[in-house]
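All remarks here apply to the structure that follows.
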Amino acid sequence: STPLTAAMATATVAFLRDVPWIFEVRDLWPDFPIQMGALPVPGLPSLLSGVEKKLYQNAAHVVTLSTDMEQHVRTVTPNANVTTIEYGSDLQLVDSISKSQRNTLRRRLSLNGRFLALYAGALGRANAIPTLLNAAKQFSNHSDVLFAFAGHGYHESTVREAAQQFEHIRHVPSLPYPDALTLFSIADVSLVSFRDRPVLAANSPGKFFDSLATGTPVVVTNPGWTKRFVQTYDCGWYVPPETPNALADHLQSLFDDPELLRTTGNNARVAAR
Numbered sequence: 001s002t003p004l005t006a007a008m009a010t011a012t013v014a015f016l017r018d019v020p021w022i023f024e025v026r027d028l029w030p031d032f033p034i035q036m037g038a039l040p041v042p043g044l045p046s047l048l049s050g051v052e053k054k055l056y057q058n059a060a061h062v063v064t065l066s067t068d069m070e071q072h073v074r075t076v077t078p079n080a081n082v083t084t085i086e087y088g089s090d091l092q093l094v095d096s097i098s099k100s101q102r103n104t105l106r107r108r109l110s111l112n113g114r115f116l117a118l119y120a121g122a123l124g125r126a127n128a129i130p131t132l133l134n135a136a137k138q139f140s141n142h143s144d145v146l147f148a149f150a151g152h153g154y155h156e157s158t159v160r161e162a163a164q165q166f167e168h169i170r171h172v173p174s175l176p177y178p179d180a181l182t183l184f185s186i187a188d189v190s191l192v193s194f195r196d197r198p199v200l201a202a203n204s205p206g207k208f209f210d211s212l213a214t215g216t217p218v219v220v221t222n223p224g225w226t227k228r229f230v231q232t233y234d235c236g237w238y239v240p241p242e243t244p245n246a247l248a249d250h251l252q253s254l255f256d257d258p259e260l261l262r263t264t265g266n267n268a269r270v271a272a273r
């Protein structure tokens, strides 16, 4: 569904072939580019909002990935047929990860028994990567902590520069999906961060579910459904978005309490199932 032109093309083909179509909404457009400041042309946001509403009305069914997304769709188009189907992760694939695979990745990262804080996903403008780096840099004198950033995107060069400057920061190129799960499985805590934008609080990040499936507790910065989820299942923690000092303080408290990390990680696995 990103951007709306994908759904527009589908609606056109469905019309020409006289068949119904289903609209799976993975990001809320045009709210996302509007709130990110990517639509500066006057009148364009209103035009795209009208297109969004028309597409919701035209689709035989709308599928959303979170309850917050569903609420948005119902607000825009009250009579739309909407179902929320949350993401998940392949637990059998997670269970197939071997000890050898984990140890190989630990050696590759020179983990050597250190706590691993992992961000794995897009290094995009929406993902608050500078906030994570600012928090990570506060651990430069901690020999028992390692921060790994896996992925590519807008802030990739910034992450590379930080990794060259700080020994405790690593940049890991994007990994194919099974290997990415192995990376999650060796982390002590997973970071799922976004900038402070209302539209981002509704989204459904795949890395959140992969973290839970591998039994890795999660620190989220979205004040929406992911915050409610980690609090309900006691499988992670919430830190307000774009607050690097608060994030660093919270991570330090977690590194000081390995038993809490283990207990919360077990809860994460239960929540994933």
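The opening residue of the sequence shown carries number 1 in our numbering; numbering runs sequentially from there.
We put the beta carbon where it would ideally sit given N, CA and C, even for glycine.
- Query: If H171 and A163 are in contact, beta carbons under 8 Å, what's the gap, nearest whole angstrom?
  - Reply: Counting from 1 along the sequence shown, the entry for residue 171 is found at position 171. Counting from 1 along the sequence shown, the entry for residue 163 is found at position 163. That pair is a contact at about 4 Å.
- Closest residue to P30 among N267, D196 and V73 (Cα-Cα distance): Working through the sequence shown from its first residue, we reach residue 30 at position 30. For P30, the nearest C-alpha among the options comes from V73.
- Task: Could you tell me whether the Cβ atoms of F147 and H168 are closer together than 8 Å?
- Result: Here the question's residue 147 lines up with position 147 in the sequence shown. Here the question's residue 168 lines up with position 168 in the sequence shown. Less than 8 Å separates the beta-carbon of F147 from that of H168.
- Item | Q239, DSSP secondary structure in three states | Translated into positions along the sequence shown, residue 239 becomes position 239. Before going on, a small fix: residue 239 reads as Val here, not Gln. In this structure, V239 counts as coil in the three-state DSSP scheme.
- Query: Taking three-plus beta-carbon pairs below 8 Å as touching, is the region 67 to 83 in contact with the region 105 to 113?
  - Reply: no
- Item | Exposed unless 16 or more other CB atoms sit within 10 angstroms - verdict on F15 | As a position in the sequence shown, residue 15 is number 15, starting the count at 1. F15 should be labelled exposed.
- Message: Taking a contact to mean a Cβ-Cβ separation below 8 Å, would you say G121 touches G151 in this structure?
- Response: Here residue 121 corresponds to residue number 121 of the sequence shown, with the count starting at 1. Here residue 151 corresponds to residue number 151 of the sequence shown, with the count starting at 1. Cβ atoms of G121 and G151: closer than 8 Å.
- Classify E24 as helix, strand or coil using the three-state DSSP reduction. One-based indexing of the sequence shown puts residue 24 at position 24. Three-state result, E24: strand.
- Item | Residue from P20, K53 and A213 with nearest C-alpha to N266 | The sequence position of residue 266 within the sequence shown is 266, counting from 1. When each option's Cα is compared against that of N266, the closest is A213.
- Message: Out of T226, I97 and G153, which one is the CA nearest neighbour of F209?
- Response: In the sequence shown, the residue the question calls residue 209 occupies position 209. Among T226, I97 and G153, the Cα nearest to that of F209 is on T226.
- Task: Could you tell me which residues DSSP pairs with I169 in its beta bridges?
- Result: For the purposes of this step, residue 169 is taken as the residue at position 169 of the sequence shown. Answer by DSSP bridge pairing, in chain order: F147.
- Message: Here's the rule: buried if 16 or more other CB atoms are within 10 angstroms of the residue's CB, otherwise exposed. What is D188?
- Response: Working through the sequence shown from its first residue, we reach residue 188 at position 188. Around the beta carbon of D188, 16 or more other beta carbons lie within 10 angstroms, which makes this residue buried.
- What residues match up with V63 in a beta bridge as DSSP calls it? Position 63 of the sequence shown holds residue 63. DSSP links V63 through a beta bridge to E24 and T83.
- Query: In terms of residue numbering, what span does the alpha helix (DSSP H) encompassing S140 cover?
  - Reply: Numbered from 1 along the sequence shown, position 140 holds the residue referred to as residue 140. For S140, no alpha helix (DSSP H) segment is defined, and its DSSP state is neither H nor E.
- In the DSSP assignment, find the alpha helix (DSSP H) that holds S211 and state where it starts and stops. The sequence position of residue 211 within the sequence shown is 211, counting from 1. It spans G206 to A213 - the alpha helix (DSSP H) in which S211 sits, taken as one unbroken run.
- Message: Using a Cβ-based criterion (distance less than 7 Å to any ligand heavy atom), does A117 qualify as near the ligand NAP?
- Response: Within the structure as shown, the ligand NAP is missing, as the structure has no ligands at all.
- Item | Cα-Cα separation, I97 to I186 | Within the sequence shown, the letter at position 97 stands for residue 97. Within the sequence shown, the letter at position 186 stands for residue 186. The alpha-carbon atoms of I97 and I186 are separated by roughly 11 Å.
- Message: The alpha helix (DSSP H) that contains L191, what's its start and end?
- Response: Within the sequence shown, residue 191 is the residue found at index 191, counting from 1. L191: not part of any alpha helix (DSSP H); member of the beta strand (DSSP E) spanning V189 to V192, first to last residue.
- Query: Can you name, in chain order, every residue of its own chain whose Cβ lies under 8 Å from the Cβ of L4, other than the five neighbours on each side?
  - Reply: In the sequence shown, the residue the question calls residue 4 occupies position 4. Residues W29, P30, L48, V51, E52 and L55 of the same chain have their beta carbon placed closer than 8 Å to that of L4, with the five preceding and five following residues left out of the count.
- Task: Using DSSP bridges, identify the partner residues of L116.
- Result: By one-based count along the sequence shown, residue 116 stands at place 116. Answer is L146.
- Item | Alpha-carbon spacing of F23 relative to G215, whole angstroms | To locate residue 23, count along the sequence shown from 1; it is residue 23. To locate residue 215, count along the sequence shown from 1; it is residue 215. Looking at the two C-alpha atoms, the distance is approximately 32 Å.
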